[in-house]
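To keep things clear, I will list the structure first and then write my remarks on it.
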Amino acid sequence: MATRRIGGSFAPPLTDERLAEYRKLIDGLDDSPVKDAMTELLTCCEAWRELPESKGVGTRHPLGPTVVPLDAEIAKALWEKIPWREELEMMGVLFGKIPQGELRNAAHHLLWFGVELEQDREPLTNDKL
Amino acid sequence: MANDFRLSNAAADAAAGDGSSVGLGGYIGASSIFRFYVGAQNSDPETAPAGTLLSTAGNVVTGSFSNASGDGEIDTSSVASDTAVASGTAGSFWHTQSNGTTPVADGTVGTSSTDFVFNNNVFVAGGTISVSTVAITVPPH
Numbered sequence: 002m003a004t005r006r007i008g009g010s011f012a013p014p015l016t017d018e019r020l021a022e023y024r025k026l027i028d029g030l031d032d033s034p035v036k037d038a039m040t041e042l043l044t045c046c047e048a049w050r051e052l053p054e055s056k057g058v059g060t061r062h063p064l065g066p067t068v069v070p071l072d073a074e075i076a077k078a079l080w081e082k083i084p085w086r087e088e089l090e091m092m093g094v095l096f097g098k099i100p101q102g103e104l105r106n107a108a109h110h111l112l113w114f115g116v117e118l119e120q121d122r123e124p125l126t127n128d129k130l
Numbered sequence: 077m078a079n080d081f082r083l084s085n086a087a088a089d090a091a092a093g094d095g096s097s098v099g100l101g102g103y104i105g106a107s108s109i110f111r112f113y114v115g116a117q118n119s120d121p122e123t124a125p126a127g128t129l130l131s132t133a134g135n136v137v138t139g140s141f142s143n144a145s146g147d148g149e150i151d152t153s154s155v156a157s158d159t160a161v162a163s164g165t166a167g168s169f170w171h172t173q174s175n176g177t178t179p180v181a182d183g184t185v186g187t188s189s190t191d192f193v194f195n196n197n198v199f200v201a202g203g204t205i206s207v208s209t210v211a212i213t214v215p216p217h
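First to last, the protein sequences are chains A and B. Converting from the first sequence to my numbering requires adding 1 to each position, the first position being numbered 1. Converting from the second sequence to my numbering requires adding 76 to each position, the first position being numbered 1.
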């Protein structure tokens, strides 16, 4: 049966300023699993930001934006930077324990990008709606 | 003998209603609200899930559900959006009438094999949450 209830979660885009804020936030954390996970995600996001945007033909998401798969060369370049799905799920559990606030928001923002990239597509940020 | 009670398409259709004044569609009414939460749904849909609410007033489904298929299904394809006010991984939803308190349904949220399927069930404060293509079928399946 086709999916009959469809939703979308579209995060704000990452900017250089925001990445710098997140780097500063992470650098200020004590060594911890949260710091390790956020560092891994930030490294992945920074690598993605340094690459050109994929130009492939996309498909339309039911909520409007076009889903553009990562170009093969970009996917290859990011392969070792993108956490595995199981890692992302564990990060989600870990980040779920962070109290609401700046750190939790930053962690989930990075996690959202990790989930998008793990699916080999250009992230569907809310500026694309 | 196992239980295997079934409604006919016409009977299910009558229960589903026409999206205006009768049946489930009439009960739901216009501008019903979907809210999304961290964690699992409650033990029953009478009350909201206990996890962190990720949206504010929820995603208002503008307009009524309509019954176009004739097999007990009512649906809406209008797109409604809301801004996430908290960050977390969404695991459940609660659907109410437009007053935000009278319960209609609840269910699971994820990226596949859940009642509500999202492109990404990580919600980010300040991000956009949208819903569309919501269908409810009587009997539920």
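Yeah, the Cβ is synthetic: ideal placement off N, Cα and C, and Gly gets one too. Just so we're clear, the structure is a prediction, and the values are computed from it rather than from any experiment.
Rounded straight-line distance, which links the Cα of residue j to that of residue i
| i | j | result |
| --- | --- | --- |
| P106(A) | I104(B) | The residue you asked about is not Pro; residue 106(A) is Asn in the sequence shown. When rounded, the distance between both Cα atoms is 34 Å. |
| R50(A) | E74(A) | 14 Å |
| D72(A) | L89(A) | 22 Å |
| L104(A) | T128(B) | 16 Å |
| Q101(A) | A162(B) | 7 Å |
| S142(B) | A92(B) | 9 Å |
| T172(B) | A181(B) | 7 Å |
| T228(B) | P34(A) | Residue 228(B) cannot be examined here, being either before or after the span of chain B that is shown, 77 to 217. |
| K129(A) | S10(A) | 12 Å |
| E117(A) | L125(A) | 7 Å |
| P179(B) | I7(A) | 20 Å |
| E87(A) | H109(A) | 16 Å |
Beta-carbon proximity check, residue i vs residue j, cutoff 8 Å
| i | j | result |
| --- | --- | --- |
| G164(B) | V114(B) | yes |
| S208(B) | P63(A) | yes |
| A1(A) | V200(B) | The requested residue 1(A) does not occur in the structure, where chain A is confined to residues 2 to 130. |
| Y23(A) | L95(A) | no |
Neighbour flag for residue i against chain B, beta carbons, 8 Å
| i | result |
| --- | --- |
| V116(A) | yes |
| W49(A) | no |
| S55(A) | no |
| P13(A) | yes |
| G97(A) | yes |
Chain-order list of residues whose beta-carbon lies under 6 Å from that of residue i (same chain, five-residue window excluded)
| i | result |
| --- | --- |
| G186(B) | N197 |
| A50(B) | The question about residue 50(B) has no answer, for chain B in this structure spans 77 to 217. |
| G203(B) | A160 |
| W113(A) | A12 |
is_contact[residue i, chain A] using C-beta, thresh 8 Å
| i | result |
| --- | --- |
| N175(B) | no |
| A156(B) | no |
| T220(B) | Residue 220(B) is absent from the structure shown; chain B starts at 77 and stops at 217. |
| F141(B) | no |
| N197(B) | yes |
| I205(B) | yes |
Sequence-distant residues of its chain with Cβ nearer than 8 Å to residue i (five each side left out)
| i | result |
| --- | --- |
| T60(A) | T67 and V68 |
| F194(B) | A166, V185, G186 and T187 |
| message | For the pair the stretch 117-125 of chain A and the stretch 74-85 of chain A, tell me if three or more CB-CB distances fall below 8 Å. | response | yes
| said: With a threshold of 8 Å, are at least 3 pairs of Cβ atoms found where one atom belongs to the stretch 206-217 of chain B and the other to the stretch 27-39 of chain A? | reply: no
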